[in-house]
Amino acid sequence: MSAAPKVTALRGGGVTLSAAADAFLATPRIANPNTHRAYASAVDRVTALLGRDRVLAEITDDEIGAALAELWGSNAPATWNRNRAAITSWLAWCQTKKHWAAPSVPADAERRRENTDETRAVAKTTIHRLLSRRDIPLRERALWRMLYETAARAAEILALNVEDLDLEHRRAPVRSKGGAVEWVYWDSGTAHLLPRLLRLPDGSTRTYGPVFLSERRPVPARRPAAGDICPHTGRARLGYDRARVLLEKYAGLDLHQLRHSAATHLGEAEIPLQLIMGKTRHKNPRTAMRYVKPGAEAIAAVTEHLAPPRRRH
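Below, the structure is given as C-alpha cells:
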C-alpha cells in the first residue's frame, strides 16, 4: 500500500505546469542569459495559454501542438522552429531528467524549412532609408541602428543593460553563444540616438536596467526576472518576438537581416576577412566567407594583374 504514493511522486502526478516550468528554467543547462530569456519566453507563454495551475501529466500532446500553432503558427519558420525547440527541450527534460509524466510535441508540429539564402542581406541604401524614416519610433530606430552598426545578434543587443554601455568609447560587452564575454562597437548614428533613448520625461537619464524597454509595465502573470525590469519606469525588457514583429511591420525584414546586411556591406567594401570576422565575432572563416562577395569593379581591378607586363619604350 505504501508504494502507491511513491510511484505517483516519481511520475510527477501533482506537478503543475508552473512548477515544471520553474524547475526547468532553474537548471544550469540554460544558464546563459540570452538562452534563458528565450526559453523562458516560450515556456511562459505556453503555460499561460494552457493554464499554469493545470497538472503536467494531464496535458495531451495535441494540446501542446495546438498551443504552438496558436502562438507561433503564423510566424516565420525561424521563429516557429526556435520556440518549438524550446518547448521540446522543456518537455524532454521533464520526461528524462525528472521522470515526470509529461506530454510531447506532436509529430505534426514538425520543424519548418527555413530560408536557405546564405546572407539575406538587403541593399545599403534600403537600410539607410529605413533608419532615416521619421514615422518610426525612437526605440525602434535606435535598436535597428545599433544592430546594423554593431553587426551583433539581436538577442545580444536586447540583453544589454544601461550600465553595460560605454558611451564614451561607443562599445558594450555582450555574452556570445558560447558564453564568452565579447565587445561590440557602434558608430555615430547609434551614439546620437542612445542618449535620447535613455532620457526620462523629467529630463534625467536612466542609469540601470534594460536599454530597450517594452511599451507597458508587465502583468504579474508574466513573471519577468528582476534584472529584466527597469528600476526607473517599472517597464520590462523588450522581448525578441515583439522586436521581430515591429521590424516586419515597418520594413518586412527579419532582425537577423540587419547583422547579415552589415557583414555583407563590409565585404562589398573590400574589408579584409579577418576584420569582418572580428566585427561579427565569427570563429570559423568558412562562415564569414559567405559575406565576402567582391563587386564587378574589384574583380576588374584584380584581372589587371593577369595581363602581360608592359614593354618599356
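The numbering used here applies: residue 116 is where the sequence shown begins, and numbers increase by one. All C-beta atoms, glycine included, are put in the ideal place defined by N, C-alpha and C.
1) With C-beta atoms as the reference, is residue 158 less than 8 Å away from residue 182?
2) Where residue 251 and residue 273 are concerned, what is the direct C-alpha to C-alpha distance, given to the nearest angstrom?
3) Counting along the chain, where does the beta strand (DSSP E) carrying residue 263 start and finish?
4) To the nearest angstrom, report how far apart residue 223 and residue 191 are at their CA atoms.
5) What are the complete alpha helix (DSSP H) segments, minimum 4 residues, inside the region 334 to 406?
6) For residue 287, report the span of its beta strand (DSSP E) as first-last.
7) Indicate the three-state DSSP secondary structure (helix, strand or coil) for residue 147 in the structure shown.
8) Check whether the Cβ atoms of residue 356 and residue 156 sit closer than 8 Å, and answer yes or no.
9) State the DSSP-derived secondary structure class of residue 154, mapped to helix, strand or coil.
10) Pull up the CB-CB distance for residue 270 and residue 262, whole angstroms please, since I reckon it's below 8 Å.
11) At the level of alpha carbons, what is the spacing between residue 234 and residue 282?
12) When burial is assigned at 16 or more other CB atoms within 10 Å of the CB, is residue 298 buried or exposed?
13) Does the contact criterion of 3 or more C-beta pairs under 8 Å hold for the region 191 to 203 versus the region 335 to 350?
14) Could you pull the start and end residues of the beta strand (DSSP E) that residue 297 belongs to?
15) Do three or more CB pairs link the region 171 to 187 to the region 210 to 226 at distances below 8 Å?
16) Give the DSSP bridge partners of residue 276, in chain order.
In short, the structure shows the following:
1) no
2) 18 Å
3) Where residue 263 is concerned, there is no enclosing beta strand (DSSP E), although the alpha helix (DSSP H) it sits in stretches over 253 to 265.
4) 17 Å
5) 355 to 366, 370 to 383, 388 to 395 and 400 to 404
6) For residue 287, the uninterrupted beta strand (DSSP E) run begins and ends at 286 to 290, by DSSP.
7) Coil.
8) yes
9) helix
10) Wrong, their Cβ atoms sit about 11 Å apart, outside the cutoff.
11) Unreliable positioning characterises residue 234 in this predicted model, as indicated by a pLDDT of 49, which lies under 50. A coordinate reading is not provided.
12) exposed
13) no
14) Start and end: 296 to 300.
15) Taking a contact to require three or more Cβ pairs closer than 8 Å, the region 171 to 187 and the region 210 to 226 qualify as touching.
16) 325
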